[in-house]
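Below is one structure; the comments refer to it alone.
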Amino acid sequence: MTDTLPLMATRRRFLIGAAGLAGGMALVTMLPGRTAATPASMQAAVKAVAGDAPMNKGRIKIELPPLVENGNAVPLGIKVESPMTDAGHVKAIHVFTEKNPQPNVVSFQLGPRAGTANISTRMRLADTQVVLAIAEMSDGSFWRDEVEVVVTMAACLEES
Numbered sequence: 001m002t003d004t005l006p007l008m009a010t011r012r013r014f015l016i017g018a019a020g021l022a023g024g025m026a027l028v029t030m031l032p033g034r035t036a037a038t039p040a041s042m043q044a045a046v047k048a049v050a051g052d053a054p055m056n057k058g059r060i061k062i063e064l065p066p067l068v069e070n071g072n073a074v075p076l077g078i079k080v081e082s083p084m085t086d087a088g089h090v091k092a093i094h095v096f097t098e099k100n101p102q103p104n105v106v107s108f109q110l111g112p113r114a115g116t117a118n119i120s121t122r123m124r125l126a127d128t129q130v131v132l133a134i135a136e137m138s139d140g141s142f143w144r145d146e147v148e149v150v151v152t153m154a155a156c157l158e159e160s
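Residue numbers (our numbering): 1 to 160.
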């Protein structure tokens, strides 16, 4: 016959458990951090798309909430003023972020048959950051809009 002692919550057991938890959390903070784009890497990605072409303001509008509670599925809308004809249309819309693991989030290819240059999707945001959209037009011009978004709970984290 074996005697089993009831598992009792004692101060000693509590302190040992708390110390183990604190030590584990300290180890996690010492692990390599997440990789993120920087404003410089975002500018390099923009330059890869547009080269040294001037960026005009207007004609393109980002619709993004200024404050986001959860960065996992942020609604993103982009509208570009364009007749969408063979003579003048949006060729592409590019979206860049300042702090996500990859600065070039997405590129949409459009043509005159699209009818309108309106994009609606969801994106993940790693942290509070600037989101930049560039419209590449058929005449070779580039139009830009940018919005700063405050994210209270980050998403889109990537281990290095």
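Backbone N, C-alpha and C fix where the C-beta goes; we use that ideal spot for every residue, glycine too. Since we're looking at a predicted model, the values are computed, not measured.
query: Beta-carbon contacts of P112 that lie in its chain and below 6 Å, excluding the five residues immediately before and after; result: M84, T85, D86, H89
query: Separation of L64 from V74, as counted between CA atoms; result: 8 Å
query: Run of the beta strand (DSSP E) containing A117, from where it starts to where it stops; result: 117-123
query: Nearest-angstrom Cα separation, counted from G71 out to R124; result: 5 Å
query: Local Cβ density within 10 Å of Q129, reported as buried at 16 or more and exposed below that; result: buried
query: From D52, R144, V149, residue whose alpha carbon lies closest to that of E81; result: R144
query: Helix, strand or coil at Q43 according to DSSP, with G and I counted as helix; result: helix
query: For P75, three-class secondary structure by DSSP; result: strand
query: Whole-angstrom distance between M153 and A117, CA atom to CA atom; result: 31 Å
query: Exposure label - V150; buried when at least 16 CB within 10 Å; result: exposed
query: Cα-Cα separation, I62 to F142; result: 15 Å
query: Member of F96, M55, P101, T10 whose CA lies at the smallest distance from the CA of M137; result: M55
query: Simplified DSSP state of R113, which is helix, strand or coil; result: helix
query: Simplified DSSP assignment, three categories, for A92; result: strand
query: Buried versus exposed call for A40 [16 or more other C-beta atoms within 10 Å across all chains shown]; result: exposed
query: Distance CB(F108)-CB(V46) smaller than 7 Å; result: no
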